[in-house]
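As structure tokens, the structure follows; a few thoughts come after it.
In the UniProt record's numbering, the protein residues as written are 1 to 361.
Written as structure tokens, this is what we have:
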């Protein structure tokens, strides 16, 4: 079983689960088999992560050259959609961190779901947390992103009623304060993420005297923040997937080399606007769909149930599967009006991306 993360351990070395060839028939998916984990992650996450082939791919120079062939299909119809998204993210200037960036892309896509995902990027100062979150946000439609470097609880209400509906709420650095006032400030945000609506009673003076008004603001909303803090209030953390930046010396060397290349002026900087425009158009074309996950019960049956937080974890897992399915909606046939999630593609991608974040939770 992987060891719990410590401050001295590399996050790159954790969250890996080996699989056994023991097959399990997935309900509702004829002749499709997946393997159960031979050994689980820590009991918070663990054995539910059924093994399946990776769809993420590994980027090498040779593969990149193959991927640069003339595009015969649009992004929406590309059968290697996930690989193209990763390649485009790298072209935007994100060094390394491709899996983390792809997960952020999927979290932002989940804004279209009834239960969107929420994440916190964790790492030391200068590790690239905010850069990653905001660089990927460039690929989203402008009107879908609410970028608030700071906000108060009251500011959530000083907006139109549907201001946050199916939006991405991207905030700045989390406050390090642990006092009760700070925790109370986040109460409305926690409610917005969990209940998809916030409300408060307000006394208003009118011509006939004082009366009470109910003020509501609706979700759902996908959410992202970053922090250098070593600890996060438990009630907040329970609602967030944790993504840790790569703090290895190898990653630092890559970043330094990229900076040096910029100043060496050896290459003419290529425009990334065409990539940004392509993804914004693609994201705008995505429509909210009701996704059916035929293997959802198998996941639930294999998840450890010892921890109460498993009730929230399963929602995060299935939301990630739904979001990947939404990305492929133009390549899928519908059954009775439902978009059908697949083991080989949607679950495989979600599983690989969630291994480390759920291990860290």
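In this text, a Cβ means the ideal position worked out from N, Cα and C, and glycines have one as well.
All values reported here derive from a predicted model rather than from experimental measurement.
Under 7 Å: does the beta carbon of residue 190 sit that close to some heavy atom of the ligand FMN? The ligand FMN is absent from the structure shown, which contains no ligand whatsoever.
Ignoring anything shorter than 4 residues or poking outside the stretch 242–326, list the alpha helix (DSSP H) runs there in chain order. Within the stretch 242–326, the complete alpha helix (DSSP H) runs of at least 4 residues are 249–264, 273–285 and 296–302.
State the beta-bridge partners of residue 227 as determined by DSSP. 122
Are there three or more Cβ pairs, one per stretch, closer than 8 Å when the stretch 248–259 is compared with the stretch 200–213? no
Do three or more CB pairs link the stretch 144–157 to the stretch 286–300 at distances below 8 Å? no
Per DSSP, residue 338 forms a beta bridge with which residues? Partner(s): 335.
My output table needs one value for residue 196: the three-state DSSP class, helix, strand or coil. coil
To the nearest angstrom, how far is the alpha carbon of residue 336 from that of residue 321? Computed Cα separation, rounded: 19 Å.
Pairwise C-alpha distance: residue 330 and residue 74: 10 Å
Quick check on DSSP: helix, strand or coil for residue 212? Three-state result, residue 212: strand.
What do you reckon, are the CB atoms on residue 170 and residue 100 nearer than 8 Å? no
So, under 8 Å CB-CB, residue 325 and residue 339 are touching, yes? Tell me the CB distance rounded to an integer number of Å. 6 Å
Count the other CB atoms, across all protein chains shown, that sit within 10 Å of the CB of residue 162; report buried if there are 16 or more and exposed otherwise. exposed
For residue 202, write down the residues that DSSP places opposite it in a beta bridge. 213
Can you check DSSP and say which residues form a bridge with residue 147? 170
Could you give the distance in angstroms between the alpha-carbon of residue 211 and the alpha-carbon of residue 143? One C-alpha to the other measures close to 35 Å.
With distance defined between alpha-carbon atoms, name the residue in 245, 148 and 138 nearest to residue 278. 138
Count Cβ pairs between the stretch 216–236 and the stretch 104–116 that sit closer than 8 Å; are there 3 or more? yes
Counted within 10 angstroms of its Cβ, other Cβ atoms place residue 209 as buried (16 or more) or exposed: exposed
Whole-angstrom distance between residue 213 and residue 353, CA atom to CA atom: 44 Å
Report back the beta-carbon spacing between residue 243 and residue 92 to the nearest angstrom; my notes put them in contact at under 8 Å. With a Cβ gap of about 17 Å, residue 243 and residue 92 do not count as contacting.
Can you tell me whether residue 77 is buried or exposed, with buried defined as 16 or more other CB within 10 angstroms of its CB? exposed
Which residues in the same chain as residue 280 place their Cβ atom closer than 6 Å to its Cβ, once the five residues preceding and following it in sequence are excluded? 141
Please name the residue or residues paired with residue 221 in a DSSP beta bridge. 167
Going by the beta-carbon positions, is the gap between residue 89 and residue 98 smaller than 8 Å? yes
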